[in-house]
Amino acid sequence: MNVWHRRLRKLIHRPFLALGFRLVRAPRFERILRAWELEHDDFYFIQVGAHNGVTSDPFHRFLIEGWWWNVVLIEPQAKNCQVLREIYSDRTNLQVLEIAIGEGNGSLRLYKIHDGAQGIPYWASQLASTRRDVIASHRDRIEDIEKWIVEVNVPCRTLASVYHEAKFPRLDLLAIDVEGFDFEVVKQIDGLPSLPKMIYFEHGHLSQADHQAALAFLKERGYRCEEPEQGNTFAWR
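According to numbering that gives the first Met the number 0, the residues represented by the sequence shown are 0 to 236, in order.
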């Protein structure tokens, strides 16, 4: 950074700091999201696989700041749902659904780490998937992970069912983090009355072929796609 760049930076930043604000460079997905948010009085958001709302969650800050956001958080693990309800207990426009998203309304088989597992990383509770191999693939980071994997049946509903019950006039942002089932949820946007403006999903547990198929699926529907951070895709129309 040359001397003139430093002086200009200080000149710009000082008045904002005096007001209690700081300027940071926002990634493009956030600039796109913020621009859309500023154009509308309300914002409509569904998050599939919300976990505990904090750990590795790119939208926690948005929810804390965006008290005008209308939100549905979907999470099949009871302990995580309890945390979500505690965090957002003061939000009347936010609901937590203790379900999974599946191909129909009913139940599905979910693989997860046992709630009583000992000596495992704090983030291990994020590991919940319809595919056992996805959970087991973390064996390089969790010793003896196989002995902690359990199978449970959880209620599930379709994305369209959740959307219609929420009575949203549109869907501004759909976020998906379901450990390998992400493309299956993405495909359910065709069942909505209109396509979401933005989609953010994890592709880290998809095969390369499935990731490319997901990108092609979205581009056919008018989305532009980029990878804001490793293992995640952001799409917008």
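Glycine included, each C-beta is placed from N, C-alpha and C at the ideal position.
Since we're looking at a predicted model, the values are computed, not measured.
Asked	Found
DSSP-derived helix/strand/coil call for K9	helix
Reduced DSSP secondary structure (H/G/I, E/B, other) of Y43	strand
Test item: CB-CB of K146 and L126 under 8 Å	no
Euclidean distance between Cα positions of G65 and L93	11 Å
F42 versus G230, L32, Q81 and K186, residue with shortest Cα-Cα distance	L32
Cβ-Cβ separation, L107 to T91 (assumed contact under 8 Å), whole Å	Not a contact, Cβ separation roughly 30 Å.
Minimum C-alpha distance to I239 - residue among Q76, V133, K78 and L83	Since the first residue shown for the chain is 0 and the last is 236, residue 239 is missing from the structure and cannot be characterised.
Q229: first and last residue of the uninterrupted alpha helix (DSSP H) it sits in	Q229 -> no alpha helix (DSSP H), and no H or E assigned at all.
N- and C-terminal bounds of the alpha helix (DSSP H) containing E36	R27 to L37
Buried/exposed call for P195, threshold 16 Cβ in 10 Å	buried
Segments assigned alpha helix (DSSP H), at least 4 residues, entirely inside the segment 142-182	158-165
Residue environment, G101, which counts as buried when at least 16 other CB atoms sit within 10 Å	buried
Per-residue DSSP class, three states only, for K78	helix
Residue closest to F233, alpha-carbon to alpha-carbon, out of A174, F180 and R220	A174
Any 3 or more C-beta pairs closer than 8 Å across the segment 196-208 and the segment 161-181	yes
As assigned by DSSP and simplified to three states, the class of Q240	Residue coverage of the chain in this structure runs from 0 to 236, which leaves residue 240 outside it and unanswerable.
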